[in-house]
Amino acid sequence: LKTLCVASPLTLRIVAECPVTKARACDLILPHSAVSTPVFMPVGTQGTLKGITVDQLDGLGCQICLGNTYHLGMRPGPDLIEKANGLHGFMNWKKNLLTDSGGFQMVSLVELSEVNEEGVKFKSPYDGKEILLSPEKSISIQNSLGSDIMMQLDDVVSSTVTGPRVEEAMHRSIRWLDRCIAANKNPDKQNLFAIIQGGLNADLRKACLDEMTQRNVPGFAIGGLSGGEEKDDFWRMVTLSTDHLPREKPRYLMGVGYAVDLVVCVALGCDMFDCVFPTRTARFGSALVPWGSLQVKHKQYAKDFQPIDPDCPCPTCKRHSRAYLHALFKSDTSAMHHITIHNIAYQLTLMRSVRQSIVDGRFPEFIRSFMKQMFPSPDQYPSWAVDALASVNVTLE
Amino acid sequence: MAGSRIKLELSRVVQGESRLGVLKGLGRTGQHCLEVPGCLLYSHLGTVPHLTQDTLHTLKNIPAVTQVTLSSVAEHQEVLQEFKGGFKKFAGLHDTVVYCSLHDPAALCPPGYTTNKTVSVWGSGGRIELTVAKFMAIQKTIQPDWYQSMADGETWQSNTSRKRLRKSVDRTLAHLDECLTIHQNSQDLQGVEVFGVVEGGDILEERARSARETAKRPVAGFCLDGFQTGSMDQTLRTQLIKAIAKELPEDKPRLLQGVGRPDEVLACVEAGVDLFEGFFPFQVTERGCALSFSFDISLDPERAVLELNDDETCRAGEGQPNGEVTDGDQTQMTSFEINLKDKRYHDDFRPLVEGCGCYCCVNHQRAYLHHLLVTNELLAGVLLMIHNTAHYIGFFSTLREALANDKLDLLKRR
């Protein structure tokens, strides 16, 4: 690998393609390590995966995780992280990192002053000062963080918004993409991904796809979804996007992390996913299992002496029972860590199984048995998932 | 009761008081041992705070005995009853000795709830009142390797009357006798050891009486109660412990409750204490601090003085304000630690303690810990707990080495 002269710091090797659906299994070669796709990327917002050491994360088989440009750009700031040898050095994570642009937080977290062509102006929650996050500034911070994959700054609009604002945001995102590409100081070490926008409007999305795919970027994200819109609209936009994205570049569906969504969207042609849900819900005592989830803090588990999932090989399930974890939640924060570890293991194991089934040529069977395990009966299958899978030739019972 | 399997083998007794040795025969099969002076592994319901097995086992020389408290376990009595396998199995603890104490040394109880026949512990759901019968019933479901007998230790506040102190000694002896009777008649507690508890507050005669009387009972060792940090100054504590030690058999261990500060540990070892509860690293962790005091006695004395003048260690009292107000001395930052929330560590890329081989010091820097604390990240607690525990274990190891080689003075100067 090292003898290959690669123009871009990303290589996608397609290992298998599902003959029935649009799913692919790939090896994504990034500067710090190879990543097997489809992949779920845990989110370590502030340069740490809540309560888990990098060794534990590595031990679970994680090859890439997320850091957050907005949070880290505020505290401790890009200069300090640069001094620490980038985010890899600062948190001592030896595999890959993906940073988002800070765009989503601008909308979801802070008091927005104004969005204009320049960038997003907002008030810092720490000292009230006005800050401008421009495409250039976002890329500059991400260059300091040194992530393997950086996201463009996009003009983020909630998926439930309709009207001219959506179109404006889509066009602006294209212009901001060009500014981000121009601002990237490290194109030989850091991959800049574009983010397809256009809301739930097929025409706008198509227009965005046509434009952005003309840019020479190593990968594409599908953005502007997973924000509370109807699932029926959601999957249609996902499949429209993958229909028009180049085969030989990775497709990253942002903000998707529920098991059913992951499996369906792999079938629709997506390779990479991220979501705070599995790790966040863990801290509330919710453990993810093939048949849904277990609320460990609930009284019914006080005397349940089985592990969370008897078939799960994670460190938590190998040693502890639901009853012990239930009791531990009353005594110590480590209870959260046990569930976090289990949930990450669940997500990574799921994706590993998905990948293997694609490689083995039995992904449709995998989907069917996955759905059977997840739902008590076929009439409980979510209709959007049934439709989406049917669109890629998979019929469920 | 058949002769206790726990045996204290002393290899040295320095100046008639400080003891060095090994506590053997621990655990049901008697194969565990603990070097003394030593500390127990502090836990919440069997888990070292913040840590899972993976993070815990990055530590070397973990104490062989885990302390579990009734304040965390008592509310789960029904669950343990139904489980039937004992606490160790319930908690997934495979290779450790479990010692069950009454109270959590890091959480002082509100006074005023002790009666002639009962003591109270506070679980997550509130106060649980214990008679000896209930106390022993819980011990049967826990099946520890050893436990302290039920005791009235509500005397740690200064100005407790002589009358009240006398009562605490009498009650504690009565509880001990009742515990032992139930213990000896219980199949479930076969092979489990009992420690008697010495009370008496700050009155020398009561302390001596309590010690003398407790020593008459068939116990495997002695807990010294009512000496918690903040309850009295070290001079008095030393005096009282020495007086107690005179009344106790040499070949049974003495466990001092509620004292964990390194300087107090040192002084109490000199007074004749063998075992300490290991809660101090947890307290340091909770205030966002890292133990940093040097205990290297292999340095030559001149360099040692120079290092002491290094402004590395913050002065006590510089600590961050703490949410808990009631615990007084216990939560105040000491001179043995650095406060990582301090701005000065913002760009300090050194490990917490140079030369410390713990997972935190090998993998991370002060600047990162500072960031984790400022952003309220859970990982801060994990990493600090690892380091603070490693540092504390190292301190005890050096303490034993100093005793073995007559270097205790050097250690005191650090």
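Protein chains in written order, with my numbering: chain A, 5 to 401; chain B, 165 to 578.
Ideal placement from N, C-alpha and C gives every residue a C-beta, glycine not left out.
From residue i to residue j, what does the alpha carbon distance come to, in whole angstroms?
i	j	result
Val517/B	Asn96/A	18 Å
Phe299/B	Gln304/A	26 Å
Thr166/A	Ala211/A	16 Å
Ala331/A	Ile143/A	46 Å
Leu208/A	Val358/A	32 Å
Pro311/A	Gln194/A	42 Å
Val396/A	Asn147/A	39 Å
Trp310/B	Ser207/B	15 Å
Gln312/B	Ser265/B	6 Å
Asp278/A	Gly259/A	5 Å
Asp192/A	Ala454/B	40 Å
His302/A	Gln421/B	35 Å
Ile85/A	Val160/A	26 Å
Ala394/A	Val242/A	14 Å
Gln496/B	His267/B	21 Å
Asp364/A	Cys321/A	28 Å
Thr15/A	Leu537/B	38 Å
Glu21/A	Glu369/A	15 Å
Gly232/A	Leu504/B	40 Å
Glu181/B	Phe559/B	20 Å
Ile302/B	Thr345/B	15 Å
Gly223/A	Gln307/B	59 Å
Gly71/A	Thr49/A	5 Å
Lys307/A	Gly436/B	44 Å
Arg508/B	Pro80/A	13 Å
Gln403/A	Asn190/A	A question about residue 403/A goes unanswered here, because the residues of chain A that appear run from 5 up to 401.
Ser288/B	Lys253/B	22 Å
Taking Cβ positions only, does residue i come closer than 8 Å to chain B?
i	result
Gly51/A	yes
Gly55/A	yes
Lys127/A	no
Ile2/A	The requested residue 2/A does not occur in the structure, where chain A is confined to residues 5 to 401.
Ser335/A	yes
His36/A	no
Leu298/A	no
Ile345/A	yes
Ser338/A	yes
Lys98/A	no
Does the beta carbon of residue i come closer than 8 Å to any beta carbon on chain A?
i	result
Pro213/B	yes
Glu565/B	no
Ser265/B	no
Asp506/B	no
Asp438/B	no
Glu488/B	Caution applies to Glu488/B, whose pLDDT of 31 falls short of 50 and renders its modelled position unreliable; the model cannot decide the point.
Gln447/B	no
Taking residue i and residue j to be in contact with their CB atoms under 8 Å, please state how far apart those CB atoms are, rounded to whole angstroms.
i	j	result
Asn100/A	Ile68/A	4 Å
Leu438/A	Leu266/A	Within the shown structure, residues of chain A are numbered from 5 to 401, placing residue 438/A beyond reach of any answer.
Ile345/A	Leu64/A	7 Å
Ser105/A	Leu157/A	4 Å
Thr278/B	Glu342/B	About 15 Å separates the two Cβ atoms, so there is no contact after all.
Thr41/A	Pro254/A	7 Å
Leu400/A	Arg366/A	Contact doesn't hold; Cβ gap of about 15 Å is too wide.
Ala198/A	Met216/A	5 Å
Listed from N- to C-terminal order along the chain, which residues in the stretch 529-552 of chain B have their beta-carbon within a distance smaller than 7 Å of any beta-carbon of chain A?
Residues passing the 7 Å Cβ filter: Ala531, Tyr532, His535, Leu536, Val538, Thr539, Glu541, Leu542, Leu543, Gly545, Val546.
Contact residues within the stretch 179-201 of chain A, judged by C-beta distance below 9 Å to chain B:
Listed by position, the residues of the stretch 179-201 of chain A near chain B (Cβ gap below 9 Å) amount to none.
For the stretch 532-548 of chain B against the stretch 52-69 of chain A, are there 3 or more C-beta pairs whose distance is under 8 Å?
The stretch 532-548 of chain B makes contact with the stretch 52-69 of chain A: 3 or more CB pairs, one atom from each, lie closer than 8 Å.
What residues in the stretch 75-95 of chain A have a beta carbon less than 8 Å from any beta carbon of chain B?
Residues His75, Arg79, Pro80, Leu84, Lys87, Ala88, Phe94, Met95.
Can you pull out the residues from the stretch 240-263 of chain B whose beta carbon lies closer than 7 Å to at least one beta carbon of chain A?
The stretch 240-263 of chain B vs chain A, Cβ under 7 Å: His240, Val243, Glu246, Phe247, Phe254, Ala255, Gly256.
Sufficient close CB pairs (3 or more, under 8 Å) joining the stretch 346-355 of chain A to the stretch 207-222 of chain B:
With contact defined as three or more Cβ pairs closer than 8 Å, the stretch 346-355 of chain A and the stretch 207-222 of chain B are not in contact.
Pair every Cβ in the stretch 378-395 of chain B with every Cβ in the stretch 357-365 of chain B, then say whether three or more of these pairs are closer than 8 Å.
The stretch 378-395 of chain B, when compared against the stretch 357-365 of chain B, does touch it at the 8 Å Cβ threshold.
With 8 Å as the C-beta to C-beta threshold (strictly closer), list the residues of the stretch 510-525 of chain B near chain A in chain order.
Residues passing the 8 Å Cβ filter: His510, Asp511, Phe513, Tyr523.
Quick test of the definition: if touching needs 3 or more C-beta pairs under 8 Å, does the stretch 523-534 of chain B touch the stretch 195-211 of chain B?
As far as the Cβ criterion goes, the stretch 523-534 of chain B does not touch the stretch 195-211 of chain B, which means the pair count is below three.
With three or more C-beta pairs closer than 8 Å as the rule, is the stretch 545-564 of chain B touching the stretch 444-459 of chain B?
These segments touch.
Contact between the stretch 373-386 of chain A and the stretch 325-340 of chain A (3+ Cβ pairs under 8 Å)
Too few Cβ pairs lie closer than 8 Å, so no.
Pairs of beta-carbons, one from the stretch 349-356 of chain B and one from the stretch 371-382 of chain B, closer than 8 Å: are there three or more?
No contact exists between the stretch 349-356 of chain B and the stretch 371-382 of chain B.
Going along the chain, which residues of the stretch 361-388 of chain A sit with their C-beta nearer than 9 Å to a C-beta in chain B?
Within the stretch 361-388 of chain A, no residue has a Cβ that lies closer than 9 Å to any Cβ of chain B.
Which residues of the stretch 314-332 of chain A have a Cβ closer than 8 Å to any Cβ of chain B? Give them in chain order.
Those would be Pro319, Thr320, Arg323, His324, Ser325, Ala327, Tyr328, Ala331, Leu332, in chain order.
So if I threshold CB-CB distances at 7 Å, which residues from the stretch 277-304 of chain A count as touching chain B?
Residues: none.
Using Cβ-Cβ distances below 8 Å, what residues of the stretch 126-148 of chain A are close to chain B?
Residues passing the 8 Å Cβ filter: none.
Interface residues of the stretch 56-72 of chain A facing chain B [CB-CB below 9 Å]:
Listed in sequence order: Ile56, Thr57, Val58, Asp59, Gln60, Gly63.
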